[in-house]
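If you use the working numbering, the sequence shown corresponds to residues 5 to 273, in order.
Every residue, glycine too, gets a C-beta built ideally from N, C-alpha and C.
All figures in this text were calculated on a predicted structure; none of them were measured in a lab.
First comes the structure, then the notes that go with it.
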Amino acid sequence: MLRTEDVKNFAREIRVDLIGIADIERFNDIPPEHNPLSIFPETRSVIVIGRRIPRGALRGIEEGTQFANYSLYGRDWLNNRILAMSTFKVSEFLEDNGWEAVPVPNLPPEVPPSGIPVREGQPAPNVMIDIEDAAIKAGLGEIGHCGFFLTPEFGPRQRFQIILTDLRLDPDPLFNGRVCDYPSCQSFCPLNAITAAGVIDYKKCNICENGVFPNPYHSSGKPDRLGAICARSCLDYLERHNLIKNTFQNPFRKRPSWKVVSERRIEEG
Ligand code: SF4
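Given below as C-alpha cells:
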C-alpha cells in the first residue's frame, strides 16, 4: 500500500520544493463551481505541489534592465514546463501504483464558466479550483498583508499546482504560525493600491508599471504581481529579518529600488 511518506519522498527526489496534503473534508464548504469533487467525485486527498521562483529570476526586474527572464523562468516556463512536469511526474507515480491522479494547473478561479451543465445538478464547465486556498488547506503557508501567498521557505517566491487523487493520504496540519510580521507593507506600493487593512485595489495593479504582468491565462484573473516592486520589497524585508528559510550570502536589494509613480515619472528610493 502506498503511504504518504512514499509520495512525499518521490516528490523530494524529483526536486519538488514544497508539498502539502489536504483531505477532501477540508473542502466541504467550497461551492460546486470551485470544488475538487465536481471534477473527480472520488477525490480523497488534494496534493499541493510547489516550485520556487529562483531569486535570480527576479534580478533583471529588480535592476530594471531585463524583464523577460522573470516572465519565462519565473512565470511561463515555471508554470507550464518546470512545475507542470513535477505535477505530471507525481501523478504518474500515483497512477503507477494504481491510484488515479488528476493534475490541475493554477488557472485563475475568477474565470467564468464557458459551457452549460451536462447533467442536472452539476456545475457548468469549467470548474476552477482556487489553488492558493488549496495550499492553505494543505498547510503550506498564509496570505500576507500584501495579498501574496507566503511560505516559511520562500516568502512570496513560488508557484503551485495540485493533484486530486482517490488515495487516502495523511493530511498535513494547517499552518498556524506567521511568516510576515510587518503591518505596514502598504508603503511598498508607489500607487497606494494596498490599504492599511490589506485590501488590494487591483484596478491600480492592472495599470502599474513596476514589474506587473497581465494574468497569463485569462483577463478575469488577477494580474501577476510576483515580479512587482511590492513583491520584491516583501521578499527583501522577509530575508533581512530572517523570516524565511531560503537565504543567501548577499541581500536581495543591493541599491535603492526604481519605481514608476505616475505618467512614467521614475523615482529611486
Ligand atoms: S502591483 Fe503595483 S499597484 Fe499593485 S500593489 Fe504592487 S506596486 Fe502597488
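#### Entry: Classification of Trp159 by the beta-carbon crowding that lies within 10 angstroms, buried from 16 upward
Note on residue identity: the sequence assigns Gly, not Trp, to residue 159. Answer is buried; the Cβ neighbour count reaches 16.
### Message
Under DSSP, the beta strand (DSSP E) around Ala26 begins and ends at which residues?
### Response
Leu22 to Asp27
### Query
Do Pro194 and the ligand SF4 come close, with the Cβ less than 7 Å from some heavy atom?
yes
### Message
Which residue wins for smallest C-alpha separation from Glu99, given the options Lys249, Pro255 and Met5?
### Response
Met5
#### Entry: Proximity to Val265 [Cα-Cα], best of Ile51, Cys234 and Ser49
Nearest to Val265 by C-alpha distance, out of Ile51, Cys234 and Ser49, is Cys234.
### Per-residue burial, Glu56 [other beta carbons within 10 Å of its own, 16 or more giving buried]
The question names Glu, but residue 56 in the sequence shown is Arg. Its Cβ being crowded by 16 or more others within 10 Å, Arg56 is buried.
### Query
When the Cα atoms are used, what is the spatial distance from Pro129 to Leu111?
13 Å
### Message
Please report the straight-line C-alpha distance between Arg59 and Val122, rounded to a whole angstrom.
### Response
45 Å
### Message
Quick check on the DSSP output: what are the complete alpha helix (DSSP H) runs of length 4 or more inside the region 178–264, in order along the chain?
### Response
Listed in chain order, the complete alpha helix (DSSP H) runs (minimum 4 residues) inside the region 178–264 are 206–211 and 233–244.
### Query
Can at least three beta-carbon pairs, one atom from the region 64–75 and one from the region 27–39, be found at a separation below 8 Å?
No, the region 64–75 does not touch the region 27–39.
### Task
Whole angstroms is fine: what's the gap from Val183's alpha carbon to Tyr77's?
25 Å
### Task
Would you kindly report the start and end of the unbroken beta strand (DSSP E) that includes Ile120?
Bounds of any beta strand (DSSP E) do not take in Ile120, whose DSSP letter is neither H nor E.
### Query
Does the pairing of the region 76–92 with the region 189–203 give three or more beta-carbon distances under 8 Å?
no
### Query
Is the region 236–249 touching the region 143–159, taking contact as three or more C-beta pairs under 8 Å?
At 8 Å Cβ cutoff, the stretches touch.
### Query
Cβ of Arg229 within 7 Å of any heavy atom in the ligand NAP?
Questions concerning the ligand NAP fall outside what the structure shown contains, since the ligands it does hold are the ligand SF4.
### Query
For the beta strand (DSSP E) that contains Ser49, what are its first and last residues?
Ser49 to Arg56
### Task
Taking Phe3 as part of the alpha helix (DSSP H), name the residues at either end of that continuous run.
The structure shown does not extend to residue 3, since the chain is modelled only from 5 through 273, so no value can be given for it.
### Message
Within the continuous beta strand (DSSP E) that includes Ala105, where are the two ends?
### Response
Ala105 to Val108
### Query
Which residue's Cα is closest to the Cα of Ile28: Asn219, Glu124, Gln165 and Asp174?
Asp174
#### Entry: 6 Å Cβ shell around Val278 - same chain, five flanking residues per side excluded
In the structure as shown, the chain starts at 5 and stops at 273, and residue 278 therefore has no counterpart that could be examined.
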